[in-house]
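Participant: Per my numbering, the very first residue in the sequence shown carries number 10; after that it's consecutive.
Yeah, the Cβ is synthetic: ideal placement off N, Cα and C, and Gly gets one too.
Below is the structure I would like to discuss, written out as structure tokens.
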Amino acid sequence: MKSKRKAVVTGAARGIGLAIAERFIGDGYFVVAVDRDVEAGISLQQRWDAGTLAFEALDVSEEEGVRRFFGNFEARYGKLDVLVNNAGIIRDNFITNMPVEDFDAVIQVNLRSAWLMCREAANIMRQQLSGRIINIASRAWLGNPGQSNYAASKAGLIGLTRVLALELGKSNVLVNAVAPGLIDTDLTRKLKAEVLQRLIELQPTRSMGNPADVANAVAFLASSDTGFITGQVIYVDGGRSIGAAV
Ligand code: NAI
10 MKSKRKAVVT
20 GAARGIGLAI
30 AERFIGDGYF
40 VVAVDRDVEA
50 GISLQQRWDA
60 GTLAFEALDV
70 SEEEGVRRFF
80 GNFEARYGKL
90 DVLVNNAGII
100 RDNFITNMPV
110 EDFDAVIQVN
120 LRSAWLMCRE
130 AANIMRQQLS
140 GRIINIASRA
150 WLGNPGQSNY
160 AASKAGLIGL
170 TRVLALELGK
180 SNVLVNAVAP
190 GLIDTDLTRK
200 LKAEVLQRLI
210 ELQPTRSMGN
220 PADVANAVAF
230 LASSDTGFIT
240 GQVIYVDGGR
250 SIGAAV
């Protein structure tokens, strides 16, 4: 484990985070899989041996927990090569029907947590003089009716990505974002069937993506072959960011 590249993936118990963890394992990384869902995390741990994956139960929106996690990191795992901030939630509603609690919850998990994780990781990576941070944003930052909270959180995440690229570049820490479009996970399965169908029809490809499509882009940004890309957003969205299909 000590000799492998190490990647922390948040929200790794299912969906896109799980696909990213699986991809990293396939690429020979040691993965520290973080999630607040302990039950799903335990079954994740049972799938791989202790030299391949470690599950850490953590709510990434809790400052103290995040501090503790990174405070113990070196002693437990050694070098921190890659951080993927993937944990995220949705609480969709038209703005006039949206309680402020749903705005706060989405900002708290999708933006503030990533900022907390980045702050601690940046401290370690700056001292190492190396590291990669990849933030999972969303095409929805460009605008999606019903997602004023979510789009604001993901727009914020892209702003954060760009600033950290400027602040950490001289320490050889590269920071990028991946913006998925419509991806087939538990999160999108919560949508009403007719809403989902309408969204699929807006895609230039008229299809949903798979979590592995997102994991591919993350693997590219994490790899040592991509040493001169920072502050960028890669869309994995079937072309939807260009505009709606006609
Ligand atoms: P999901 O709902 O299937 O999985 C999210 C995971 O994050 C869950 O295991 C959950 O327990 C964990 N999580 C949530 N809050 C957490 C917290 N505070 N601390 C620790 N773990 C937490 O979601 P999915 O679809 O895999 O999405 C992953 C990321 O991709 C999210 O940031 C989402 O916004 C983004 N995304 C997803 C799209 C999609 O179509 N599924 C499209 C664009 C972006």
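Taking residue 82 as part of the alpha helix (DSSP H), name the residues at either end of that continuous run.
Facilitator: Where residue 82 is concerned, the enclosing alpha helix (DSSP H) stretches over 82 to 86.
Participant: Take residue 59 as the anchor and find which of 68, 137, 42 has the nearest alpha-carbon.
Facilitator: The option with the nearest alpha carbon to residue 59 is 42.
Participant: Is residue 46 near ligand 1, with its Cβ less than 6 Å from a heavy atom?
Facilitator: Result yes, Cβ under 6 Å from ligand 1.
Participant: Taking the beta strand (DSSP E) that residue 186 belongs to, which residues open and close that run?
Facilitator: Segment 182 to 189, the beta strand (DSSP E) holding residue 186.
Participant: Which partner residues does residue 244 have in the DSSP bridge list?
Facilitator: DSSP, once it has assigned bridges, lists 188 as partnering residue 244.
Participant: When the Cα of residue 64 is compared with those of 46, 70, 76, 73, which residue comes out closest?
Facilitator: Measuring from the Cα of residue 64, the nearest candidate turns out to be 46.
Participant: Is residue 143 buried or exposed, if buried means 16 or more other CB atoms sit within 10 Å of its CB?
Facilitator: Buried, because 16 or more other Cβ atoms sit within 10 Å of the Cβ of residue 143.
Participant: Residue ranges of each beta strand (DSSP E) run of no fewer than 3 residues wholly in the segment 112 to 176, ordered along the chain?
Facilitator: Runs of the beta strand (DSSP E) inside the segment 112 to 176: 140 to 145.
Participant: Can you tell me which of the three DSSP states residue 26 falls into?
Facilitator: Helix at residue 26.
Participant: Could you tell me if the beta carbon of residue 157 falls within a distance shorter than 6 Å of some heavy atom in ligand 1?
Facilitator: Answer for residue 157: no, Cβ out of range of ligand 1.
Participant: Rounded to a whole number of angstroms, what is the C-alpha to C-alpha distance between residue 12 and residue 89?
Facilitator: Approximately 12 Å, taken between the alpha carbons.
Participant: Quick check for students: name the residue ranges of the beta strand (DSSP E) that lie wholly in the segment 30 to 84, counting only runs of 3 or more.
Facilitator: Correct list: 39 to 44, 62 to 66.
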